[in-house]
Amino acid sequence: MSSIVIVDSISCLNESNNGDVVVCGSHGGISAAEYVVNRFRLNGIIVNDAGKGKGSAGIAGLQVYERIGIPAAAVDTFTAMIGNGLDNYECGIISAVNKPAEDCGVKIGMSAKDATLIMFNKRTAKYD
Numbered sequence: 015m016s017s018i019v020i021v022d023s024i025s026c027l028n029e030s031n032n033g034d035v036v037v038c039g040s041h042g043g044i045s046a047a048e049y050v051v052n053r054f055r056l057n058g059i060i061v062n063d064a065g066k067g068k069g070s071a072g073i074a075g076l077q078v079y080e081r082i083g084i085p086a087a088a089v090d091t092f093t094a095m096i097g098n099g100l101d102n103y104e105c106g107i108i109s110a111v112n113k114p115a116e117d118c119g120v121k122i123g124m125s126a127k128d129a130t131l132i133m134f135n136k137r138t139a140k141y142d
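Mapping of the sequence shown onto this note's numbering: residues 15 to 142, in sequence order.
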C-alpha cells in the first residue's frame, strides 16, 4: 500500500518505501536522484532546490526521475529549510517540476502539500 512519507534525508528511505510519494529535505541534484532510482521505485518525490545553484545543479535530478516516469518537483529553498522534510512539506512552494509531475497537475508556485496530494492521488507508476 502506498503512503506519503516525509524524511529529512534521501538516505532515510528503505525498501518499504517502494510505491510511496516522498517529501524530502535533500537537494534535487543528480547524485541524490541516482541514489533513489537505483534503489527504490517511488510514485513521486519532492525535494529542496538548494538554491538551484550553478547550472541548476540543485534540480538537475528532476530529469533523472523524468527519464523513468517518476513525477518529481522541488521546493524553493527560500520557503523551506534544506534537510528538514517536514518544513519542506508544510512551508515549501514548488519552484521546479519535471514533465511527469506537470502531467499530473503539479505547477510551479503551488504549495508542496498540494503537490504531494496531487502526486499521491494520481500515482502513475504501479508498484503496490
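All residues carry an ideal CB built from backbone N, CA and C; glycine is no exception.
Under 8 Å between C-beta atoms of residue i and residue j
{"i": "ILE60", "j": "VAL21", "result": "no"}
{"i": "GLY42", "j": "GLY97", "result": "no"}
{"i": "ILE82", "j": "VAL51", "result": "yes"}
Distance, residue j Cα to residue i Cα
{"i": "ASN28", "j": "ILE132", "result": "23 Å"}
{"i": "ASN135", "j": "MET15", "result": "13 Å"}
{"i": "PRO85", "j": "LYS68", "result": "23 Å"}
{"i": "ASN65", "j": "GLY72", "result": "The sequence shown places Gly at residue 65, rather than the Asn named in the question. When rounded, the distance between both Cα atoms is 7 Å."}
As assigned by DSSP and simplified to three states, the class of residue i
{"i": "GLY58", "result": "strand"}
{"i": "ASN112", "result": "coil"}
{"i": "SER40", "result": "strand"}
Residue i Cβ short of 7 Å to the ligand GTP heavy atom set
{"i": "ASN52", "result": "Ligands displayed in this structure: none; no statement on the ligand GTP is therefore possible."}
Option nearest residue i by Cα separation, candidates the options
{"i": "ASN31", "options": "ILE18, ALA110, LYS66", "result": "ILE18"}
{"i": "SER109", "options": "GLU80, SER70, SER45, LEU100", "result": "SER70"}
{"i": "TYR79", "options": "CYS105, VAL35, ASN102", "result": "VAL35"}
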